[in-house]
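Numbering (mature numbering (1 follows the signal peptide of the UniProt record, and there is no 0)), first residue to last: -23 to -1, 1 to 232.
Just so it is clear, CB atoms sit at the ideal spot from N, CA and C, and this is done for glycine as well.
These notes concern the structure reproduced below.
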Amino acid sequence: MGLLVFFLGLLGLFLKPAIYVDSAAILPPLSKYVVKDAGDPIGVPCTKNVSNAWLDIVVAIDISTNMGPSQITLQLGSELRKYPIGQNGTRYTRVAIITYATQATIVANLTTFSTPDQLYTAITGITGSTSDSGSDMSDAVTQAYNILYNEQPCDQVIGCEQLGRPAVFVLFAASGSGNTASVLQNGQNIQQFGSIITINYKPTDATLTNLLNQLASPSFNFPKSWTTSDLDWALTQCLFNKKEFFWQGRMRGRG
């Protein structure tokens, strides 16, 4: 009987329901057991060379009337075109695209683009809304979490023997509307296995600035005057340079 109670309790750790705040879903903490280690065979090596980058990137772009995407798309398209975009080979980067206003839309998933030119065409083809002033960041962050979480290499309780690309969420924002609690909770969930880069296109908005400061990984919150060097630096940081692994949102050092 005692053994049954133990296993039922353990099962409960991995079957936590979603929490709802103001009708917006806050996903439960990550239940997968993900090894991230820059130094051994089951970990993730880092690179300082963008032509050799091995990443899963989800880009979310505010297309509301608060910020037309024309401020972003040409520069971003040219920037990501330098990366080895693909679906095959030993070293390649995958990119998914989300646009958001009142609602978030997945424009492309991680399996969509096979060449840098395909990605460039998709990004530079994004147009902004002329009437939608909503900027539901919470929906965009939730969609990004879902995409990246589904690509984590395993659900094993005792460790992952597969390589997983470092995961990065890049958010271009001009408004802080939406469910703030959901934004921050799902941002924390993403950071259990990846990193968040934010670009603030309305730094005079104190609410937005505070939110992005909390959401971004340390040193990864950039102003709208961001440069390709800024993004290259952030994307190629060795984020897992210590032997660490994550389980149920708790970080533990390993020898």
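With DSSP as the reference, please indicate the residues paired to residue i in a beta bridge.
i	result
Tyr77	Asp39 and Ala81
Asn177	Ala150 and Pro200
Thr70	Ile62
Asp33	Arg71 and Ala144
Does the beta-carbon of residue i, which I'm using as the reference point, lie nearer than 6 Å to any heavy atom of the ligand MN?
i	result
Ser112	The ligand MN is not part of the structure shown, which contains no ligands of any sort.
How close, in whole Å, do the beta carbons of residue i and residue j come, if the pair is a contact with beta carbons under 8 Å?
i	j	result
Asp116	Gly155	7 Å
Leu212	Leu192	Not confirmed; about 17 Å, so no contact.
Ser152	Ser206	Not quite, the Cβ-Cβ distance comes to about 27 Å (not below 8 Å), so this is no contact.
Val36	Val147	5 Å
Pro195	Pro180	The Cβ separation is near 18 Å, so there is no contact.
Leu96	Ile62	5 Å
residue 239	Thr42	No answer is possible for residue 239: the residues shown for the chain start at -23 and end at 232.
Gln48	Tyr178	7 Å
Leu188	Asn198	The Cβ separation is near 10 Å, so there is no contact.
Leu93	Arg142	For the sequence presented, residue 93 should be read as Pro rather than Leu. Pro93 to Arg142, Cβ: 17 Å. No contact.
Gln79	Asp109	First, the residue type needs correcting, since residue 79 is Thr and not Gln in the sequence shown. Thr79 to Asp109, Cβ: 5 Å. Contact.
Pro46	Thr104	7 Å
Which class does residue i belong to by DSSP, given the choice of helix, strand or coil?
i	result
Ser206	helix
Ser172	strand
Ala211	helix
Phe(-18)	With a pLDDT of only 47 at Phe(-18), under the threshold of 50, the placement of this residue in the model should not be trusted; the figure read from the coordinates follows. In this structure, Phe(-18) counts as helix in the three-state DSSP scheme.
Asp116	helix
Ala(-6)	Confidence in Ala(-6) is poor, its pLDDT being 45 and thus under 50, which makes the residue's placement unreliable; the coordinate value appears in the next sentence. It is coil, neither helix nor strand.
Asn26	coil
Asn65	coil
Asn123	helix
Ser47	helix
Ser106	coil
Taking the alpha helix (DSSP H) that residue i belongs to, which residues open and close that run?
i	result
Val160	Thr157 to Ile167
Asn187	Ala183 to Leu192
Pro93	Pro93 to Thr101
Glu56	Thr50 to Leu57
Could one say the Cβ of residue i lies closer than 7 Å to chain D's Cβ atoms, at least one of them?
i	result
Leu32	No chain D appears in this structure, which consists of one protein chain only.
Is residue i near residue j, with beta carbons less than 7 Å apart?
i	j	result
Asn163	Tyr122	yes
Arg68	Asn29	yes
Leu53	Ile124	no
Gly171	Ala144	yes
Ala150	Asp39	yes
Ala73	Gln120	no
Tyr60	Val84	no
Phe167	Ile174	Looking at the sequence itself, residue 167 is Ile, so the reference to Phe does not match. Cβ atoms of Ile167 and Ile174: not closer than 7 Å.
Return the first residue and the last residue of the beta strand (DSSP E) that residue i is part of.
i	result
Leu148	Ala144 to Ala150
Pro195	Premise fails: Pro195 is in no beta strand (DSSP E) and is neither H nor E.
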